[in-house]
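All residue numbers for the sequence shown refer to the numbering used here, where the first residue is 68 and numbers rise by one.
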Amino acid sequence: MDKPPVKKSVVKKTGIGCLGIIVLFFAFIFIMMAVDGWSRYKNGKASMKWPFTQGVILSSQVKTDLGKDKDADPKHTAAIVYQYTVEGYEYSRERISFAGGRTFFKKSKAESLVRRYGKGLRVKVYYDPKTPTVSVLEPGNASVPPIIPLVVVAVIGFFLIRIIRLFYRKRTAVQPTDSPSFTPQASVAKPAEYTSKGEVRLPPGGVAQKNKPDRTLAIFPLVFPLAGIFVLYFGVNALLKGYESRKWPTVNGQISNSYIDRRDETSNGRSSISYAAILGYEYRVNGKNYYCDTIRFGKSKYASRKRSKTLKYLELYPMGKPVTVYYDPVDPHTAVLKTGISGGALLLITVGFFFILVGVISFLSLRNQRGRRNIIGSST
């Protein structure tokens, strides 16, 4: 006995359901990435003001995970454990920095980290005074917040709303009745009649019909201004801090971190390598020690695809070099090695205003689109 054919509507609904599950899955992943990235950025920024204590490296070795799949690339982890004491309590932790992880696909990166923190080395441990169990060896964070995951989450949310609205409209649409046995003839369209005001005259009992604009387009006038304000905040803050830093007092400091961080990136199936300069310096104000990694306000960390260029940049700040530190007298945790306004601050302000402008243009375009869709006026 032949099986009854599967209706196309069932197949279509199944496809839409699977697509929705896939979109929700990726949305969940990017939301977790955005939350984790923002948490790391916030904690990294706070760690610049944390006190520090002396600690020691208990163990330092490279651990390799081959994985269950033979075709998967092995992962190499710099398993570094350090111990420190706060108010008589001993703690053992593994976090090196909020800016990066300890697991790499390149074994050389894990080996480099292990060599930098060898077993038995005396180190400075920066800990959260409210929660001493949270600590790092290298305070600081990435130069900018995790903007890319946040933007991806916004884009996925936009398309997800469109899919839900499209599915809802099809569910609530009026289904046509059974078609007649004969083929109806197309009626001849009557010319439209207009009033003295130029409006379309409705037939008796007619109702004005309006095409409702897609409300999901309202996301653009909302997302772009918010992103613009977000970027503009960092740009204006860097601009004001850079301007104020010209009048800050100075103190002698010393470079305490100066090394290269190799970063492997993959985009569109192509892999690329960049080399970032990791710098940090220590200074003392009013008998208290401070650590900072800001070279200049608005200037991101130096990185290049050529290792030689990054090495040349690090030659300006070798380990142990004495430097002049300009610090904020109100908040000595904030400091720079170069004062003044940087081009990076101006670039952030420009990008912020551009996003806000795009949002305003989107709002005006949406409003005009709604006006044009009111095809038939009210009856007279």
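Backbone N, C-alpha and C define an ideal beta-carbon position, used for all residues, glycine too. Keep in mind it's a predicted model, so treat the numbers as computed, not measured.
Using a Cβ distance threshold of 7 Å, residue 325 and residue 346 count as a contacting pair. Between the C-alpha atoms of residue 427 and residue 95 there is a straight-line separation of about 30 Å. Beta-bridge annotation (DSSP): residue 122 is paired with 151, 190. With a contact defined as Cβ atoms closer than 8 Å, residue 204 and residue 158 miss out at about 13 Å. When the beta-carbon positions are compared, residue 369 and residue 318 stay at least 7 Å from each other. With contacts defined as CB atoms closer than 7 Å, residue 147 and residue 186 fail to qualify as a contacting pair. Under the DSSP assignment, residue 358 falls outside any alpha helix (DSSP H), being part of the beta strand (DSSP E) whose first and last residues are 355-359.
Boundaries of the alpha helix (DSSP H) around residue 181: 174-183. Excluding five sequence positions before and after residue 373, the CB atoms of its chain that fall closer than 8 Å to its own CB belong to 342, given in chain order.
The C-beta distance from residue 200 to residue 170 rounds to 21 Å, too long to meet the 8 Å contact threshold. Under the Cβ criterion (8 Å, minimum of three pairs), the region 170-181 does not count as touching the region 96-113.
Under the three-state reduction of DSSP output, residue 412 falls in the helix class. Taking a C-beta distance under 7 Å as the contact criterion, residue 320 and residue 416 do not qualify as a contact pair. Excluding the 5 residues flanking it on each side, residue 196 has same chain C-beta neighbours closer than 7 Å at 117, 118, in chain order. The alpha carbon of residue 323 has as its nearest neighbour, out of 331, 381, 293, the alpha carbon of 381. Ranked by Cα distance from residue 391, the first of 399, 385, 403 is 403. When DSSP states are grouped into helix, strand and coil, residue 434 belongs to the helix group.
Annotated as proximal: residue 364 and residue 308, with beta-carbon spacing under 7 Å. Taken in chain order, the unbroken stretches of alpha helix (DSSP H) that lie wholly in the region 342-397 and span 4 residues or more are 374-381. By DSSP's assignment, residue 302 forms no beta bridge with any residue. Residue burial is scored here from C-beta neighbours: residue 316 has fewer than 16 other C-beta atoms within 10 angstroms and is therefore classed as exposed.
In the structure shown, residue 290 adopts helical secondary structure according to DSSP, grouped into three states. Annotated as proximal: residue 122 and residue 190, with beta-carbon spacing under 7 Å. The three-state reading of DSSP puts residue 425 in helix, counting H, G and I together.
A distance below 7 Å separates the beta carbons of residue 295 and residue 423. When 353, 131, 419, 360 are compared, the shortest CA-CA separation from residue 166 is found for 360. In the three-state reduction of the DSSP assignment, residue 168 falls in the coil class.
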